[in-house]
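Peer 1: Throughout the sequence shown, residue numbering follows mature numbering (1 follows the signal peptide of the UniProt record, and there is no 0), covering -28 to -1, 1 to 350 in sequence.
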Amino acid sequence: MLEQVFKSTLLVFVLVLGLICISFSAYAADVMMEHWGEYRGEQIYLYTITNDNGAEMKVTNYGGRITALKVPAQNGEMVDVVLGLDSLEGYLENPNNFGAAIGRYGNRIADGQFTLDGKTYHIAQNNGNNHLHGGFVGYDKRVWKIKTVEEDGEVSAVLTYTSQDGEEGYPGKLDIEMTYTLTNNNEVVIDYRAVTDQPTPVNLTNHSYFNLNGANDTALDHELMINADTYTPIDDEWIPTGSIAELEGTPMDFSQLTEIGARIDNDFVQLENGAGYDHNYVLNTKGNLNEVAASLYEPETGIMMEVYTTEPGVQLYTGNFLDGSITGKNDKVYEQHYAVCLETQHFPDSPNVDYFPSTILRPGEVYETTTIYDFSTQ
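1) Let me know the secondary structure DSSP gives Q242 once reduced to three states.
2) For the alpha helix (DSSP H) containing G144, name the first residue and the last one.
3) Using 8 Å as the cut-off, can you tell me whether the region 105 to 115 makes contact with the region 133 to 140, which would need three or more C-beta pairs spanning the two stretches below that distance?
4) Taking the alpha-carbon of E65 as reference, which of D163, H251 and T299 has the nearest alpha-carbon?
5) Rounded to whole angstroms, what is the Cα-Cα separation between W8 and T32?
6) What are the residues that DSSP puts in a beta bridge with Q317?
7) Buried or exposed: S180, going by 16 or more other Cβ atoms within 10 Å of its Cβ?
8) Considering only DSSP beta bridges, list what A85 is partnered with.
9) Tell me Q228's beta-bridge partners as DSSP assigns them.
10) Give a yes or no on whether the C-beta atoms belonging to N178 and E315 are separated by under 8 Å.
11) Determine contact between the region 86 to 103 and the region 153 to 161, defined as no fewer than three beta-carbon pairs at a distance below 8 Å.
12) Could you pull the DSSP bridge partners for E132 from this structure?
13) Check this for me: beta carbons of G84 and N101, under 8 Å apart or not?
14) Decide if the region 282 to 292 is in contact with the region 316 to 326; the criterion is three or more beta carbon pairs, one per stretch, under 8 Å apart.
15) DSSP three-state label for Y345, please.
16) Spatial neighbours of E6 within its chain, please: CB distance less than 6 Å, with the 5 preceding and 5 following residues excluded, ordered by chain position.
17) Which residues in the same chain have their Cβ closer than 6 Å to the Cβ of S267, if we skip the five residues on either side of it in sequence?
18) Mapping DSSP to helix, strand and coil, what is P335?
19) So, at 6 Å on beta carbons, what are the nonlocal neighbours of Y289 in its own chain, with the 5 sequence-adjacent residues on each side left out?
20) Between which two residues does the alpha helix (DSSP H) containing Y63 stretch?
21) Secondary structure at K301, three-state DSSP: helix, strand or coil?
22) Rounded to whole angstroms, what's the CA-CA distance from Y152 to A247? Just pull it up for me.
23) Would DSSP call Y233 helix, strand or coil?
24) Where does F293 land, buried or exposed, given buried means 16+ other C-beta within 10 angstroms?
25) Checking 8 Å against the spacing of the C-beta atoms, do N324 and I38 come in under that value?
26) Let me make sure I understand the geometry here. Which of D163, D147 and E244 has the alpha-carbon closest to that of P205?
27) Look up H7 in the DSSP assignment and give the residues it is bridged to.
28) For residue 353, which three-state DSSP category applies?
29) So, is R12 buried or exposed, given that buried needs 16 or more other C-beta atoms within 10 angstroms?
30) If you measure from the CB of G56, is any heavy atom of the ligand SAM nearer than 7 Å?
31) Three-state secondary structure (DSSP) at P173?
32) Is the CB-CB distance between D193 and E231 below 8 Å?
33) Please classify V174 as buried or exposed, where buried requires at least 16 other C-beta atoms within 10 Å of its C-beta.
34) Could you pull out every residue in the same chain whose Cβ sits closer than 6 Å to the Cβ of K119, ignoring the five residues on either side in sequence?
35) Going by the DSSP bridge assignment, what does H103 pair with across the sheet?
36) Could you give the residue range of the beta strand (DSSP E) that holds Y306?
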């Protein structure tokens, strides 16, 4: 009798231990790779990275894009908080910057030209008379080399690309390493590193379109805080006027958590020029990674995203040009204002504005920046 009880107890213990192990292993940090297609003779891959909490990030080497990012909502359900498309063909057929690596210069350069060390360079004019996000074939349309590494139980995707001298008109060869890490604290950490063989402007960023309600509605009910007292006003071609203006007392002010849609239709020339919010904010954080640069909160899911960065600015863009013509993941139709972009950066048109922080990288120097998107619930 005692032997039977012992065997039964042992069996229960083994079963419980097995369930515990299964429970833990189901959420162990992991990475999966799948072949996603081919582009101009080069192989395209999609990597799925999972952390210990079950959060998930998908990264492709086409354009160095984050195609999906699932984080837990307040009710425990996983929510995909970035816009994107279901297939490589979707990205090729619908030119957009969803989740993409942006460079050599994120944002605009006036008239597609700048003068550096006494020489004037003419770069691609792909946005009217101006240069935008690296040109006609920016880093968002390049094929990157990709590998994954695991360190301290966390998985990173490491992407590299060599931008050749003269590409889109830029001087100098630029060797870039970009690392996306999904931490076990539900952070996405983006590290950039670049070196050049000639002086050249560099301003790298990521163009993820965030919607913390899973793109079930617009992002106008999201509450936003940007840790800034000033911004760089723009003209009607989205080029900075050269001034740095105070935010207080204007509908541009997000120094406290404020609904994005609360003032977006106000009669204000900057909102007219930007067709909504599409502006660079001068961060008070001054490169301090321990200080919050921006916060985005969605009341229905309870998801909070906090942004930390070494960069001096952040571009707020409210999906003004989404128009319902693109159907994204899970058959979601992306209407106007269906997302918020918080693109950490140096200022637009800095190569033409001497008193903006310099974006010039020279041989022997190393370009290094870090941005963290930290997800939690409230």
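Glycine residues also receive a C-beta, built at the ideal position from the N, C-alpha and C atoms. Model, not experiment: these values are computed from the prediction.
Peer 2: In brief:
1) Residue 242 sits at position 270 when you count from the first residue of the sequence shown. Secondary structure of Q242 (DSSP, three-state): helix.
2) Counting from 1 along the sequence shown, the entry for residue 144 is found at position 172. Element bounds for G144: n/a, residue is neither H nor E.
3) yes
4) Position 93 of the sequence shown holds residue 65. Nearest of D163, H251 and T299 to E65, Cα basis: T299.
5) Here residue 8 refers to the residue found at position 36 when the sequence shown is read from its first residue. Here residue 32 refers to the residue found at position 60 when the sequence shown is read from its first residue. Taking the CA atoms as reference points, W8 sits about 8 Å from T32.
6) In the sequence shown, residue 317 corresponds to position 345, counting from 1. Beta-bridge pairing links Q317 to G285.
7) Residue 180 sits at position 208 when you count from the first residue of the sequence shown. Buried, by the Cβ-count rule.
8) One-based indexing of the sequence shown puts residue 85 at position 113. Strictly speaking, residue 85 in this sequence is Gln, with Ala absent from that position. Looking at the DSSP assignment, Q85 forms a beta bridge with H94.
9) Translated into the one-based positions of the sequence shown, residue 228 becomes position 256. In DSSP, Q228 forms no bridge with anything.
10) By 1-based counting over the sequence shown, the position of residue 178 is 206. By 1-based counting over the sequence shown, the position of residue 315 is 343. Contact: yes.
11) no
12) For the purposes of this step, residue 132 is identified with residue 160 of the sequence shown, where counting begins at 1. In the sequence under discussion, the amino acid at residue 132 is Thr, which differs from the Glu named in the question. Answer is K117 and E149, bridged to T132.
13) Sequence index remark: in the sequence shown, residue 84 carries index 112 (1-based). Sequence index remark: in the sequence shown, residue 101 carries index 129 (1-based). For G84 and N101, yes; Cβs fall inside 8 Å.
14) yes
15) As a working note, residue 345 is residue 373 in the sequence shown. In this structure, Y345 counts as strand in the three-state DSSP scheme.
16) Position 34 of the sequence shown, counted from the first residue, corresponds to residue 6. Within the same chain, E6 has close Cβ partners L18.
17) Counted from its first residue, the sequence shown places residue 267 at position 295. Same-chain partners within the cutoff: M197 and E278.
18) Counting from one through the sequence shown, the residue named residue 335 turns up at place 363. In the structure shown, P335 sits in coil (DSSP, three-state: anything other than H, G, I, E or B).
19) Within the sequence shown, residue 289 is the residue found at index 317, counting from 1. Taken in chain order, the residues that qualify are D250 and C313.
20) As a working mapping, residue 63 is identified with position 91 in the sequence shown. Per DSSP, Y63 belongs to the alpha helix (DSSP H) from L60 to E65.
21) On the sequence shown, residue 301 is found 329 positions in, with the first residue counted as 1. Reduced to three states, the DSSP call for K301 is helix.
22) For this step, residue 152 is matched to residue 180 along the sequence shown. For this step, residue 247 is matched to residue 275 along the sequence shown. Note on geometry: alpha-carbon atoms of Y152 and A247 lie some 31 Å from one another.
23) Start at 1 with the first residue of the sequence shown, and residue 233 comes out as number 261. Correcting the residue type first, residue 233 is Gly in the shown sequence and not Tyr. DSSP places G233 in helix when its eight states are reduced to three.
24) Taking the first residue of the sequence shown as 1, we reach residue 293 at position 321. F293 comes out exposed.
25) To locate residue 324, count along the sequence shown from 1; it is residue 352. To locate residue 38, count along the sequence shown from 1; it is residue 66. Cβ distance not < 8 Å, so N324 and I38 don't count as in contact.
26) Mapped onto the sequence shown, residue 205 falls at position 233. For P205, the nearest C-alpha among the options comes from E244.
27) Here residue 7 refers to the residue found at position 35 of the sequence shown. H7 pairs with Y17.
28) This structure does not reach residue 353, given that the chain is present from -28 up to 350, and the question cannot be answered.
29) For this step, residue 12 is matched to residue 40 along the sequence shown. Answer is exposed; the Cβ neighbour count stays below 16.
30) Of ligands this structure carries none, so the ligand SAM is not represented either.
31) Position 201 of the sequence shown, counting from 1, holds the residue named residue 173. Note: P173 maps to strand in three-state DSSP.
32) On the sequence shown, position 221 is the one that residue 193 refers to. On the sequence shown, position 259 is the one that residue 231 refers to. Contact: yes.
33) The residue labelled residue 174 in the question sits at position 202 within the sequence shown. Buried is the call here.
34) Start at 1 with the first residue of the sequence shown, and residue 119 comes out as number 147. If we look at K119 and ignore the five residues flanking it on each side, its Cβ neighbours are V130.
35) Stepping through the sequence shown from its first residue, residue 103 is reached at position 131. Per DSSP, I81.
36) Position 334 of the sequence shown, counted from the start, is the residue given in the question as residue 306. Premise fails: Y306 is in no beta strand (DSSP E) and is neither H nor E.
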